[in-house]
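*Asks:* Quick note: the sequence shown, position 359, residue 372 per the working numbering, numbers continuous. All C-beta atoms, glycine included, are put in the ideal place defined by N, C-alpha and C. Sharing a structure, written as structure tokens. Questions coming.
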Amino acid sequence: MPASPILEYLESLRARFVGLADGKVADYIPELSHSDPDWFGICIATRDGFVYEVGDSRQPFTLQSISKPLTYGLVLEENGEDTVLAKIGVEPSGEAFNAISLRPQTGAPLNPLINAGAIAACGLIQGDTAEAKIARVLGAFSRYAGRALDIDERVYNSESATGHRNRAIGWMLRNFAILGNEPSPTLETYFRQCSIRVTCRDLALMGATLANGGVNPVSGVRALAEEYVDNVLSVMATCGMYDYSGEWLYRTGLPAKSGVGGGILAVQPGRLGIGVFSPRLDPQGNSVRGIAVCRALAAELGLHLFDAAQPRAPAVRLATTRRKVASKQRRPPAVAEHLRKAGKRLRLYHLQGPLAFAAVEPVVREIMALASDTNCFILNLRMVQAIDPAATSLLAGTRRELLGLRKVLIFSESSTWWQLLIDAGIDREAIFTDDDFALEYGENLLLAECFQDVAWEAQTPLEKCALFAGFELEQLALLERLLATRCYQRGQTIVAAGQSSDELFVITRGSAMVSVPTQNGVTRLNSFTSGMTFGDIAFIDRSPRSANVTALGPVECRVLTRQAFTRLDSEAPAVKIRLLQNLAHGMSGMVRHLSRELAALK
Ligand code: GLN
């Protein structure tokens, strides 16, 4: 396989920063001082679970503080937001990770990502013993990583033996009743969760899990309930890098968390997770190379969340009117003429991309601005990839608003979004399988204004039928004798797909629909009304019928058989020539019509 340019980029990033030897490996937990200061790994995991990794991406190290946001998510799930917020704030402290930052009156730690808040969070984990609590933590963290994680016992023992300051914090929390019991089991849980062993690759996948709404994209297993993902990412954005958090957000625009083991986990919500590992730390306890790499990644790949320049496609792919595209329902000439004139009052929009408030707002603005000159708006949703609740309720509100003005908003090709639209209060009648049926509905609205009882079912005399235009009287009399007459009832099949084609039809009364069965019912390919010809294509090239033709009401047809058509060669060649001319004329009209419509829909 050729080398990925993305991997090459990550390699070049590693080469750029490998010489950066500032900072010091943590040694206040003695066991951490054994880390090789030169270890350096960089990983990106995408929301769909693809991992790019370079350098020491599989070197195990301990999570340390990167455990904190994950445990915070776990206790939110177990206790609910109110209980957790009552005990742990969400304000950046601006202080070091091990500061004893508690609110003066309540003793509540300022946020869950400083040690005080993280220890308080450990107190909220379900389970009576340290063992029961850590089992829950290990289970949750393993779901984030997509593999079974374990504890580095040496780091745990080392931290437990020297963690006097954290014990002091535990007793402070006990004093304020933020911890309800003797703090030791909670502290042991905390020390153990900090000693959970991961790799840089794990960090990236944990980040991708948060980016993917809480579900590990490789295993498909949920690690965190979706409703708490934004809570966890928010505290990471504001508090994840301790007293560097403000500048971190300013520079990278990414929620992140660092640990004194040398890891940094960063997330571009909805997109990807980043893991960087390099044990040398700056005075704040953040990996020096980790920060440098994340800053470069954010700037060079345009990851900053507040970057207004991120590409966005407009929601409207195509805007057109009935002047350019029509339903396949054919109409008698007077009716067709009326529709042509009123064409601008029926508008069709094809929307695309994910629809959230910002995407739908300009569409709604245009609809409202055109409402006084438009009877019906159609929104085609085929190319829409996602719709959020704000967008559906905005569309439902627009439909209601328009109905108040006696105007209509309907939807086509929206089967994927059917349930969401219904849930937002849009009625079933407003949702159509395709543009054709939606346009026909809109056309009927335009017609309802002025044609109440057009006699659509009147019989068309032969000389008014397109195929028989321009014939002399005696030629028409010959045709009268030659043509069979057939009648059909509403819903009856006139021609079935697959049949052989030895007959040419002219409708002299009523109308018929050409359709093919599809997943969501039927798709209408065309429709014919009195005076029109059908079955001509298969009649000429002798291929089997490609679609069904069904009577839409009572239908009368005149039928020319191949036998009769052949007899004309010797009996009346002039009639045959004229018929062929008329057939060619009809087909060229059809080609012209289709080309015009294709161009309009591009
Ligand atoms: N276990 C470490 C401690 O409590 C975690 C600190 C960190 O990673 N910033 O000191």
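1) In this structure, what does DSSP give as the bridge partners for residue 300?
2) Assuming residue 557 and residue 513 are in contact, meaning their beta carbons sit under 8 Å apart, how far apart are those beta carbons, in whole angstroms?
3) Specify which residues have a beta carbon nearer than 6 Å to any heavy atom of the ligand GLN, listing them in chain order.
4) Determine, using beta-carbon pairs with one atom in the segment 256 to 270 and one in the segment 145 to 154, whether at least three such pairs fall under 8 Å.
5) Please list, in chain order, all residues of the same chain as residue 110 whose beta carbon is under 7 Å from its beta carbon, the five residues on each side excluded.
6) Using the beta-carbon count (16 or more within 10 Å), is residue 533 buried or exposed?
7) Going by the beta-carbon positions, is the gap between residue 338 and residue 597 smaller than 7 Å?
8) Ignoring anything shorter than 4 residues, give me the alpha helix (DSSP H) runs that lie fully in the segment 142 to 205, in order along the chain.
9) Give the straight-line distance between the Cα atoms of residue 520 and residue 429, rounded to the nearest whole angstrom.
10) Between which two residues does the alpha helix (DSSP H) carrying residue 455 extend?
11) Is it buried or exposed for residue 206, if we count other Cβ within 10 angstroms and need 16 for buried?
12) Do you know offhand how far residue 469's Cα is from residue 345's?
13) With the cut-off set at 7 Å, would you say residue 204 and residue 166 are in Cβ contact?
14) Give the list of continuous alpha helix (DSSP H) stretches no shorter than 4 residues that lie fully inside the segment 64 to 96.
15) Return helix, strand or coil for residue 351, following the three-state DSSP convention.
16) Does the beta-carbon of residue 611 have 16 or more other beta-carbons within 10 angstroms, so that it is buried, or is it exposed?
17) Runs of 3 residues minimum, wholly inside the segment 507 to 536: which ones carry the beta strand (DSSP E) assignment?
18) Please go through the same chain and pick out, in chain order, the residues whose beta-carbon is closer than 7 Å to the beta-carbon of residue 451, but skip the five residues on each side of it.
19) Note down the Cα distance separating residue 56 from residue 88, rounded to an integer number of angstroms.
20) Who are residue 569's beta bridge partners in DSSP?
21) Within its chain, find whatever has a CB closer than 6 Å to the CB of residue 494; leave out the 5 residues flanking it on each side and keep chain order.
22) Determine which residues share a DSSP beta bridge with residue 362 and list them.
23) Going along the chain, which residues of its own chain have a beta-carbon closer than 6 Å to the beta-carbon of residue 568, five neighbours each way excluded?
24) Work out the CA separation of residue 215 and residue 112 for me, nearest whole Å.
25) Ordered along the chain, which non-local residues of its own chain (more than five positions away) have a Cβ less than 6 Å from that of residue 342?
26) Of all the options 238, 334, 219, 239, which has the alpha carbon lying nearest to the alpha carbon of residue 231?
27) Please report the distance separating the alpha-carbon of residue 581 from that of residue 589.
28) Measure the C-alpha to C-alpha separation of residue 467 and residue 609 and round it to an integer number of angstroms.
29) I'd like the ranges of any alpha helix (DSSP H) spanning at least 4 consecutive residues and lying wholly in the segment 234 to 258.
30) Please specify which runs of the alpha helix (DSSP H), each continuous and at least 4 residues long, are wholly inside the segment 413 to 445, giving them in chain order.
31) Could you check where the alpha helix (DSSP H) with residue 54 kicks off and where it finishes?
32) Using 8 Å as the cut-off, can you tell me whether the segment 54 to 72 makes contact with the segment 93 to 104, which would need three or more C-beta pairs spanning the two stretches below that distance?
33) Just to confirm, is the Cβ distance from residue 548 to residue 518 under 7 Å?
34) Taking buried to mean at least 16 other C-beta atoms within 10 Å of its own C-beta, is residue 281 buried or exposed?
35) Per DSSP, what kind of secondary structure is residue 473 in: helix, strand or coil?
*Replies:* Let's see:
1) 294
2) 6 Å
3) 77, 78, 110, 111, 128, 172, 179, 207, 272, 273, 298
4) no
5) 78, 127, 128, 255, 298
6) exposed
7) no
8) 143 to 158, 166 to 175, 177 to 188
9) 37 Å
10) 448 to 461
11) buried
12) Here the model assigns residue 469 a pLDDT of 49, short of 50, so the residue's position is not dependable, and the following value carries that caveat. Near 7 Å, if we compare the C-alpha coordinates of residue 345 and residue 469.
13) no
14) 80 to 92
15) helix
16) exposed
17) 516 to 522, 524 to 531
18) 391, 423, 425, 445
19) 28 Å
20) 500, 522
21) none
22) 332, 392
23) 501, 523, 525
24) 28 Å
25) 453, 540
26) 219
27) 6 Å
28) Its pLDDT being 46, under 50, residue 467 is placed unreliably by the model, and the measurement read from it follows with that caveat. Cα-Cα distance, rounded: 28 Å.
29) 242 to 252
30) 431 to 436
31) Looking at the DSSP string, residue 54 is not in any alpha helix (DSSP H); the run it does join, the beta strand (DSSP E), is 54 to 59.
32) no
33) yes
34) buried
35) coil
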